[in-house]
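Protein chains in written order, with my numbering: chain Y, 314 to 615; chain U, 314 to 615. Where is the CB? At the ideal position from N, CA and C, for every residue including glycine.
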């Protein structure tokens with residue numbers, strides 16, 4: 314128990330550290346220019362700086378720990394992923410999409426600014442993700458950088474996150490079964506979470522056959538993360554979450570909780586976390602942060 | 314005169330060829346999947362296939378002619394640029410932005426589909442641009458590919474196209490002078506046009522100091538292109554253009570024509586084309602296509 318408590322304490326300290334570094338990274342990346350684009354940069358800063366669990370950058374750090382990849386490289390990749398994550402939140406919150414007014418306890422970008430600025434701010438963060446990855450500051454080897462770009466573009470595009478978001482729109486019109494909801498979530502949130510560990514494998518130049526365990530871990534925690542989100546959506550505290558809850562039921566969308574029930578959903582999330590940790594069994598203490606993240610994913614309250 | 318006529322005929326033939334190849338490229342890239350994402354792919358196909366002058370891919374071909382770069386590489390880069398160009402048109406046409414109903418003689422994506430699908434279709438084409446560039450089919454050298462990615466991300470993001478679009482939104486609130494309108498257009502349309510020739514320089518591994526002439530050519534035709542667009546906006550035929558015209562004046566935005574007058578604007582466009590061709594003076598017949606494109610840019614009727 315003490316050991317587990319220690320791992321959680323270590324993880325929370327590391328998470329705070331990573332979050333502070335990501336904020337500093339965005340602060341540098343988004344210096345406001347003294348011209349008519351100032352409002353665009355202010356909108357990007359509003360969405361990108363402060364708040365946010367920065368779970369994805371932490372996951373990159375944890376996966377990079379396995380292969381002794383520099384924390385600087387891991388941080389740059391984490392910053393690129395947050396660019397994609399934040400861009401997707403800005404666009405998902407738009408009136409034409411999920412129509413959300415609050416995010417991370419603040420007004421969403423189209424509320425604090427306007428819709429046109431929100432669309433452009435999302436588009437710009439989308440570009441910045443690739444600009445960050447392509448820069449040699451991220452990794453000295455151009456082959457590694459181009460592999461990172463290729464993987465991220467695939468994970469965020471129609472075969473990944475955006476494809477999942479499209480399925481999510483269709484979910485309001487069609488009744489999805491468990492297999493389809495699982496596929497939807499594997500695309501919508503799973504693909505980017507998989508990229509977090511895949512990036513470490515790319516930077517470590519790990520052969521494809523040696524990536525199976527990491528992929529299994531990422532797939533399992535990605536799904537567990539979404540089930541936990543669905544549980545928080547029905548049981549959580551909107552003030553803690555910093556956004557509106559219980560929206561899926563209102564929109565008539567099937568979720569893991571609506572399809573399985575609360576108890577079976579919770580059981581499945583825990584089963585997935587155990588399975589995720591089992592994928593790490595060949596690793597020693599260097600995988601402790603990955604294990605702690607897996608536990609945290611189903612135990613968090615926001 | 315016969316010589317000039319021949320160059321124009323050659324250019325039009327090459328343009329048709331490139332346009333057909335870009336359509337085929339999109340057809341392959343956007344094969345519709347048999348799942349809930351079908352509508353997303355249909356929306357991308359609606360915007361990306363058919364219509365369009367494909368001026369940017371033609372420009373890549375023309376610049377690549379100078380350095381004997383393979384037409385396959387030039388085509389892949391052209392496809393990536395069209396992904397960015399089409400994504401920007403989809404988002405610019407949205408109700409929150411320019412609110413346009415027609416584009417290339419067809420309903421815009423949010424009209425033919427819906428706003429949410431249009432936002433996602435734009436986002437997906439944005440990713441596909443980088444996926445295309447990052448693929449080894451585009452160029453065998455990963456260093457060249459990463460340089461292409463870096464340059465395209467910069468040209469399309471807040472320091473380029475999207476930054477210019479933000480200035481364009483501000484132009485409805487603030488009265489811009491000629492210097493500011495020039496900067497706006499250098500970002501909004503110029504940056505991507507510059508990338509077309511810069512991509513050839515990157516693939517040719519041309520040293521920076523040897524790129525000056527090409528950069529000058531691109532900057533001049535980019536501005537000439539926009540002035541010609543402003544002239545078409547007040548004098549053109551909406552049926553030929555396939556979109557609504559005279560929108561800038563209605564929105565109270567300053568343009569080259571409102572600031573200079575029709576005659577002086579036309580003179581400036583022709584002066585820029587002469588200047589652009591002068592940047593090519595050290596080149597022989599291998600630059601004829603670039604010269605013909607410069608002429609075409611101010612003589613087109615749509």
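Taken in chain order, the whole alpha helix (DSSP H) runs of length 4 or more contained in the segment 465-523 of chain U are 474-483, 491-498 and 504-516.
For the options 561(Y), 351(Y) and 536(Y), the alpha carbon positioned closest to that of residue 486(Y) is the one of 561(Y). Counting every other CB atom within 10 Å of its CB across the protein chains shown gives residue 518(Y) a total below 16, marking it as exposed.
Taking a contact to require three or more Cβ pairs closer than 8 angstroms, the segment 433-447 of chain U and the segment 368-387 of chain U do not qualify as touching.
In the structure shown, residue 463(U) falls within a helical segment according to DSSP collapsed to helix, strand and coil. Residue state for residue 579(U) is assigned as helix, using DSSP reduced to three classes. The C-beta distance from residue 396(U) to residue 464(U) rounds to 15 angstroms, too long to fall under 8 angstroms, and the pair is not in contact.
Taking a contact as a CB-CB distance under 8 angstroms, the pair residue 456(Y) and residue 455(U) counts as one, their CB atoms being some 4 angstroms apart. In this structure, residue 569(U) keeps its C-beta atom at 8 angstroms or more from the C-beta atom of residue 510(U). Judged by pairs of C-beta atoms under 8 angstroms, the segment 412-428 of chain Y does not touch the segment 476-485 of chain Y, as fewer than three such pairs exist. At a Cβ-Cβ threshold of 8 angstroms, residue 586(U) and residue 611(U) count as neighbours. Beta-bridge analysis with DSSP links residue 370(U) to no other residue. Note that the C-beta distance between residue 605(Y) and residue 320(Y) is below 8 angstroms. Apart from the 5 residues on each side of it in sequence, residue 390(Y) sits with its Cβ closer than 6 angstroms to the Cβ of 373 and 512 in its chain, given in chain order.
Among the residues of chain U, those whose CB is under 7 angstroms from the CB of residue 458(Y) are 459, following chain order. In the structure shown, residue 410(U) adopts coil according to DSSP, grouped into three states. In the structure shown, the three-state DSSP call for residue 329(Y) is helix. Going by C-alpha positions, residue 367(U) is about 11 angstroms away from residue 325(U). Residue pairing by DSSP places residue 419(U) opposite 416(U) in a beta bridge. Residue contact with chain U for residue 391(Y): absent (no Cβ-Cβ distance below 8 angstroms to any residue of chain U). When secondary structure is reduced to three states using DSSP, residue 362(U) falls in the coil class, being assigned neither helix nor strand. Taking 8 angstroms as the cut-off, the beta carbon of residue 615(Y) is found no closer than this to the beta carbon of residue 544(Y).
Boundaries of the alpha helix (DSSP H) around residue 526(Y): 525-548. Looking only at 597(Y), 565(Y), 401(Y) and 359(Y), the smallest Cα-Cα distance to residue 488(Y) is reached by 565(Y). Taking the Cα positions, residue 563(Y) is about 21 angstroms away from residue 427(U).
Burial is judged here by how many other beta carbons sit within 10 angstroms of a residue's own beta carbon; residue 405(U) has at least 16 and is buried. Look at residue 467(U): its C-beta is under 8 angstroms from a C-beta on chain Y. Identification of residues in the segment 371-404 of chain U having a C-beta nearer than 7 angstroms to some C-beta of chain Y yields 404, given in sequence order. Separation of the CB atoms of residue 451(Y) and residue 444(U) is rounded to 18 angstroms, and the pair is thereby denied contact status at 8 angstroms. In the three-state scheme derived from DSSP, where H, G and I count as helix and E and B as strand, residue 397(U) is classed as helix.
Following the DSSP letters along the chain, one finds residue 614(Y) in no alpha helix (DSSP H), marked with neither H nor E. When only Cα atoms are considered, residue 393(Y) and residue 602(Y) end up about 21 angstroms apart. In the three-state reduction of the DSSP assignment, residue 453(Y) falls in the coil class. The criterion of a C-beta distance shorter than 8 angstroms is not satisfied by residue 461(U) and residue 506(U). Here residue 364(Y) is actually not in contact with residue 327(Y); their C-beta atoms are around 18 angstroms apart, not less than 8 angstroms.
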